[in-house]
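Undergrad: Sharing a structure, written as structure tokens. Questions coming.
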Amino acid sequence: MQRLLRIDLNKKSFLFEELSPKYVKLGGRALSSQIINREVPPTVDALDSRNKLIFAAGILAGTSFPNSGRLSVGAKSPLTGGIKEANAGGNAAQKLPKLGVQAIVLEGHADQLTTLKIDNAGVSFIDAAAIKGLGNYQTIEDLKQEHGDKVSIISIGPAGEKKLKAAGVSVTSPDFHVRMAARGGLGAVMGSKNVKAIVIDDTDSQKVEIMDREIFKKATAKFTKGVLAYPMIEGLNALGTPVLVNMINGMGCLPTRNYSVGQFDRAHQISGEYMAELMAKRPNSVPAHKCMAGCVIGCSNIFTNEKGDVIVSGLEYETIGLVGSNCMIDDIDMIAKINWACNDIGVDTMDVGAALALAMEADILKMGDANGALALVNEIRQGTDNGLMIGNGCKVTGDTLGSKRIPHVKGQSLAAYDPRGLKGTGTSYATSSMGADHTVGNAIPNPLSQYDPSSPDGQAEMSSFLQIYHAAIDSMGICLFASLPALDFADLQGHIVQSIGALLGETLDEDYIKQLGIATLKAEREFNINAGFTKEDDRLPQFFKKEPLLPSGNVFDVSDDDLDKVNAF
Amino acid sequence: MAIQLTIHLFGTLSSKVPNYDHKKGLLVDAPDAVTPEDLLKDLKIPLTHIGFVSDGRQAIQFDTPLTDKMNVSFFSLISGG
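See below:
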């Protein structure tokens, strides 16, 4: 029986609660969003103790279904003012269901900085004064020394403690690298609750109960086989997400110089292909790192310097796009160092990358100045005026500096795909309840289909379809990359549904994925409307509509009427 | 009439063509109005392995006729996350 673990930080008490009918059989993003929509007053300040912070394992978490260990972190966002879910890999989500916990709900706030330890005995409230102000890496090291190396650690860095709007939540991988639920300022919510870390120890726990183990095993095996046969997996395994740098540059959609142009003339120096050449020569580099148990893809990496010292793990496309080309930084080692600093301080590399480009545009530092960018990121830790500005993300930075070219929707920075050339992705940026987010519905073209990413027509339908699908996938805890083959091969979607049916002991409807996705999106939409959002919030900034993107000359010209159709389920 | 094209292979596609040189790409002579699909057949790379074809500026289709001196880039099947 899966339960909610409600932790009352005011009273230092906890309660294991059976999932009520409104939450039963949900997980991940669906469960987090339903709880927030029902239990958090929509107009409350995101840093008020009445906000709740959710850590939800996906429906398939803790089982042998491949790549099903994403952890959904949710709350009302201090960055967007709306509902938020950000998910990360790592091993926390695989451990929670083994303790009989589908989701942790943090309520109220502690009177002093606290570490929570969750194990078979329940919850311990531990004074965190000794790790106050530490970065994520030292926090993890100290907690690992104290609690052993079989645990999972969720933590915030100084940015979360300072309640900055770009603060994220770190989740450890099985080998204690940092993965981030980076977006939306959820680290600030954790900081507002005075919780520095959560240690999850599943020692002596039980296996997740699967109602029909035979059917589950067969459906899971078929899904795994289908994923591994999908040609995309080969590229992800060999080069990871940085393989996208050259590709998106080739499309003319790589954010460059604060989204001024779509191609970076030094893209090769920050590309996946170049990283692979470096990693082949550098000791201890790992090009196909797995961030969670049960991963069959291995798209992450451990990126080292020439001596073999780890610079960061993992160095991903979105970071390279926002911190690299968007800031005209062409030194992949410096991008990796900035990535490490962001992870340690506990901020979103995407929002901070977009903020750095705005600071460069405003001559706070020179465009392309990698050392200056690293120093400015480190000022977040020191709490200087500029540091706090950057740490609050691109919207605050742009407003502070008087920029008219702030690349955000609902206060959250765009990802590393220029929406003028990828208009389906742009439609998702504009219309998602999450703010500008690529994982909610990234419409990357495939020449086998006739989908045209640069046409204004048909993007509402494409975005709506993808947003429904990914809301469901986020609810199951499945990593995005394992879910993509199922978009091309419907039988793989059948194997997902069959696996969940076998897990729950039910025969699920054929359109289970669609129903789950729509119900989740509706809850999120309802929360945001009650928080005061209108259709005017579902728009891209004007400069994407007016400034042609070179070299293609595209502008974002999906009509407002079409944008308003996306959420008309 | 023959045209001359430069083909660039990205991602894992380069490993499918022996002795491919990243810096130079492949310089090929091809018939007029040749398409990306024709080039892939010659290179023995399945269409299902291709995520994106570019003329150096933006996406083109498998059946887009190519013209003299074009740079054609093929990218592995991939998506963003």
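Respectively, the protein sequence lines represent chains G and F. To convert, note that position 271 of the first sequence is 272 in my numbering; the numbers rise steadily by one, no gaps. To convert, note that position 47 of the second sequence is 101 in my numbering; the numbers rise steadily by one, no gaps. Ideal placement from N, C-alpha and C gives every residue a C-beta, glycine not left out. On a predicted model such as this, the values are computed, not experimentally measured, just so you know.
Starting from G:H409, follow its DSSP beta bridges and name the residues at the other end.
TA: G:S414.
Undergrad: Taking a cut of 7 Å between CB atoms, which residues from the region 238-253 of chain G lie near chain F?
TA: Result list: A239, L240, T242, V244, L245, N247, M248, G251, M252 and G253.
Undergrad: Just by C-beta distance, which residues in the region 413-438 of chain G are closer than 7 Å to chain F?
TA: Listed in sequence order: Y418 and G422.
Undergrad: The beta strand (DSSP E) that contains F:G105, what's its start and end?
TA: Counting along the chain, the beta strand (DSSP E) containing F:G105 begins and ends at I104 to S108.
Undergrad: For the beta strand (DSSP E) containing G:Q103, name the first residue and the last one.
TA: Element bounds for G:Q103: V102 to E108.
Undergrad: Using DSSP bridges, identify the partner residues of G:N555.
TA: G:N555 is bridged to G:L550.
Undergrad: Closest by CA to G:I339, which one among G:L359, G:L377, G:D364 and G:M329?
TA: Nearest option by C-alpha distance: G:L377.
Undergrad: Once DSSP output is grouped into helix, strand and coil, what is the label at G:T242?
TA: Three-state DSSP puts G:T242 in a helix.
Undergrad: Taking just the CA atoms, how far does G:L135 sit from G:D453?
TA: Using only the alpha carbons, I get a separation of about 48 Å.
Undergrad: Cβ closer than 7 Å: which chain F residues qualify as neighbours of G:P454?
TA: The answer, in chain order, is A113.
Undergrad: Could you check which residue in G:N195, G:G227, G:H290 and G:S261 has the C-alpha nearest to that of G:T242?
TA: Closest option to G:T242, Cα to Cα, is G:H290.
Undergrad: Identify the contact partners of G:N447 in chain F, using a Cβ-Cβ distance below 9 Å as the criterion.
TA: Under the 9 Å cutoff, chain F gives I104, G105, F106, L131 and S133.
Undergrad: For F:L67, which of helix, strand or coil comes out of DSSP?
TA: Helix, per DSSP.
Undergrad: Between G:V246 and G:G273, how many whole angstroms is the CB-CB distance? I'm expecting something under 8 Å.
TA: G:V246 to G:G273, Cβ: 6 Å. Contact.
Undergrad: Take G:P42 and list the residues in its own chain whose beta-carbon comes closer than 7 Å to its own, dropping the five residues that flank it on each side.
TA: Once the five neighbours on either side are set aside, the close Cβ partners of G:P42 are R51.
Undergrad: With three or more C-beta pairs closer than 8 Å as the rule, is the region 25-38 of chain G touching the region 181-200 of chain G?
TA: Result no; under three Cβ-Cβ pairs closer than 8 Å.
Undergrad: Could you work out which residue in G:A198, G:G83, G:K23 and G:A473 is closest to G:G533 when comparing CA atoms only?
TA: Minimum Cα distance to G:G533 is reached at G:G83.
Undergrad: What residues of chain F sit near G:P232, judged by a beta carbon separation below 8 Å?
TA: Ordered by position in chain F, the residues that pass the 8 Å Cβ test against G:P232 are P100, T102, H103, S130 and L131.
Undergrad: Bridge partners for F:P85 per DSSP, in chain order?
TA: F:A56, per the DSSP bridge assignment.
Undergrad: Answer yes or no: does any C-beta atom of chain F fall closer than 8 Å to that of G:E548?
TA: It does not; no Cβ of chain F falls within 8 Å.
Undergrad: Is there a C-beta anywhere in chain G that falls below 8 Å from the one on F:G79?
TA: Answer no: the Cβ-Cβ gap between F:G79 and chain G never drops below 8 Å.
Undergrad: So, is the C-beta of F:T66 closer than 8 Å to a C-beta in chain G?
TA: It does: the Cβ of F:T66 has a partner Cβ on chain G nearer than 8 Å.
Undergrad: Give, in chain order, every residue of the region 535-560 of chain G whose Cβ lies closer than 7 Å to some Cβ of chain F.
TA: Of all residues in the region 535-560 of chain G, P552 and S553 have a Cβ within less than 7 Å of some Cβ in chain F.
Undergrad: Measure how close the beta-carbons of G:I330 and G:G369 come, nearest whole angstrom, since I'm counting them as under 8 Å.
TA: The Cβ separation is near 6 Å, so the contact holds.
Undergrad: Given G:A524, which residues of its chain have a CB within under 7 Å of its CB, disregarding the five upstream and five downstream residues?
TA: Closer than 7 Å at Cβ, skipping near neighbours: S34, Q35 and N38.
Undergrad: On the three-state DSSP scale, how would you describe G:N88?
TA: Here G:N88 sits in strand by DSSP.
Undergrad: Let me know if G:Q468 comes out buried or exposed under the rule of 16 or more other beta-carbons within 10 Å of its beta-carbon.
TA: Result: buried.
Undergrad: Roughly how many whole angstroms lie between the Cα atoms of G:D203 and G:R4?
TA: Distance between the alpha carbons of G:D203 and G:R4 is about 15 Å.
Undergrad: Could you tell me which of G:K99, G:S73 and G:S14 sits nearest to G:S206, measuring between CA atoms?
TA: When only C-alpha atoms are compared, the closest one is G:K99.
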